[in-house]
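Data first, discussion second: the structure below is written as structure tokens.
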Amino acid sequence: MRFQVWLAEIRAPFLLLSAVLVCVGSSLAAYHGFFNPAHFALATVGLILIHISVNTLNEYFDYKTGVDLRTVKTPFSGGSGVLPAGLLQPSAVLKTALASFAGAAVVGGYFLFTVGLVLLPILLLGAVLTLFYTQFFARIMLGEIAAGLGMGPLPVLGAYLVHTGFYTAEAFLLSVPPGILVFNLLFLNEFPDVEADRAGGKRNLVMALGYRRAAILYSALTFSVYVYTVLCVLYGWFPMFLLLSLLTLPFAFKAASTAFKGPEKIEAFIPGLKANVMVVLATQGLFAAGYLIAALTG
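Offset between the sequence shown (1-based) and our numbering: plus 1.
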């Protein structure tokens, strides 16, 4: 029972995103002729630890500020509900967050020693985004950007670097769609939480834009990922196999159409949140698969 509580607290199902991001960066490295299995495994562990730290810090501070006492819970938004239910002590959650961060720092230190200082900017920026996401960035309307950057370009570039030790233009190009997708992952999840977030002192784009304009922005960003990918393939910057990512378009249409309905009827909004998660995970998974196919057939 206690193990299941902790799985809920760290938001275990959502940690899959970390593994997928490492796969994206690593698949590009493999396509370029570089792959270190030990570094792949260690990078996955490190990113999962930093993801746990982000999740538990967010849970801790949202509980302390009363946000999680007001949110409408869904399987995809509104927090785990563990702390409001009294299933864990807040101090235990905070200690877990800090211990996870420390573990990730050890992994980062190893890579700095073995790969080099080329990783330092990514690691430092990742640390800042992790520690100050909830209490700073989410309160000055930078939460979506912080999430998109911290769980998009940074881990993709980092995963590429731990294999190669250097940057390439293609790595930067490939890191853009994950940033947009994770930005949107948080963005749509904010729709049901607007009033709770406002009461807890947070500021986000849904509050600033209102539901309709936020839905327009969400939809534009979602479909820009597909346009961007097609253009990169046409210009020869990405291999053609990355067009596999277009298979997630039905989920994108479902999520976008749901965004325009608004979250007032939460049960009708949940399928859109699920589709949003599928867009984020499956699109990036197909990016990784596309690069692996290109590596094997090239």
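Backbone N, C-alpha and C define an ideal beta-carbon position, used for all residues, glycine too.
Cα-Cα separation, residue i to residue j
{"i": "L187", "j": "A170", "result": "27 Å"}
{"i": "S54", "j": "V46", "result": "12 Å"}
{"i": "E265", "j": "E196", "result": "12 Å"}
{"i": "A215", "j": "P251", "result": "20 Å"}
{"i": "V6", "j": "N59", "result": "16 Å"}
{"i": "E10", "j": "L232", "result": "40 Å"}
{"i": "R204", "j": "T66", "result": "13 Å"}
{"i": "I294", "j": "S225", "result": "24 Å"}
{"i": "A42", "j": "A20", "result": "9 Å"}
{"i": "F4", "j": "G80", "result": "18 Å"}
{"i": "L130", "j": "L235", "result": "34 Å"}
{"i": "V207", "j": "A253", "result": "19 Å"}
{"i": "A296", "j": "F167", "result": "19 Å"}
{"i": "P193", "j": "V73", "result": "7 Å"}
{"i": "A290", "j": "L17", "result": "16 Å"}
{"i": "Y161", "j": "L120", "result": "10 Å"}
{"i": "G237", "j": "F114", "result": "35 Å"}
{"i": "G159", "j": "A172", "result": "10 Å"}
{"i": "L243", "j": "Y292", "result": "7 Å"}
{"i": "A105", "j": "D69", "result": "26 Å"}
{"i": "L132", "j": "H52", "result": "11 Å"}
{"i": "E268", "j": "Y111", "result": "46 Å"}
{"i": "P14", "j": "T298", "result": "33 Å"}
{"i": "L245", "j": "G153", "result": "19 Å"}
{"i": "V151", "j": "G211", "result": "Per the sequence shown, residue 151 should be read as Gly rather than Val. Each residue's alpha carbon lies about 25 Å from the other."}
{"i": "K96", "j": "A103", "result": "10 Å"}
{"i": "F288", "j": "G127", "result": "23 Å"}
{"i": "L8", "j": "P122", "result": "31 Å"}
Cut-off 7 Å between Cβ atoms - residues of its own chain near residue i, not counting five sequence neighbours on either side
{"i": "L274", "result": "T75, F77, S78, L189 and N190"}
{"i": "G109", "result": "G47 and L124"}
{"i": "H164", "result": "S27, A30, F35, F36, N37 and H40"}
{"i": "A256", "result": "L189, T223, G273, A276, N277 and V280"}
{"i": "M241", "result": "V234"}
{"i": "G117", "result": "G166"}
{"i": "Y64", "result": "L84, P85 and P91"}
{"i": "L247", "result": "Y227"}
{"i": "R12", "result": "N56 and S81"}
Heavy atom of the ligand NAP within 7 Å of residue i beta-carbon
{"i": "A31", "result": "This structure does not include the ligand NAP; it has no bound ligands of any sort."}
Nonlocal neighbours in the same chain, by C-beta distance under 6 Å from residue i, ignoring five residues either side
{"i": "G149", "result": "G180, V183 and F184"}
{"i": "F62", "result": "T135 and Q136"}
{"i": "A283", "result": "T249"}
{"i": "G286", "result": "V21"}
{"i": "G82", "result": "K74"}
{"i": "F239", "result": "C233"}
Rounded distance between the beta-carbons of residue j and residue i, thought under 8 Å
{"i": "L50", "j": "S101", "result": "5 Å"}
{"i": "L175", "j": "V157", "result": "6 Å"}
{"i": "T25", "j": "A44", "result": "The sequence shown places Val at residue 25, not Thr. Not confirmed; about 11 Å, so no contact."}
{"i": "V1", "j": "Y229", "result": "With the chain covering only 2 through 299, there is no way to say anything about residue 1."}
{"i": "V94", "j": "T57", "result": "5 Å"}
{"i": "A209", "j": "M142", "result": "6 Å"}
Beta-carbon proximity list for residue i, same chain, < 8 Å, skipping 5 on both sides
{"i": "R71", "result": "E196, A197, A200 and G201"}
{"i": "F270", "result": "T75, F192, P193, T259, K262, G263 and P264"}
Count the C-beta pairs between the segment 208-221 and the segment 258-274 that are closer than 8 Å, then say yes if the count reaches three, no if not. yes
Counting pairs of Cβ atoms below 8 Å between the segment 132-150 and the segment 22-40, do you hit three or more? no
Determine, using beta-carbon pairs with one atom in the segment 133-145 and one in the segment 79-92, whether at least three such pairs fall under 8 Å. no
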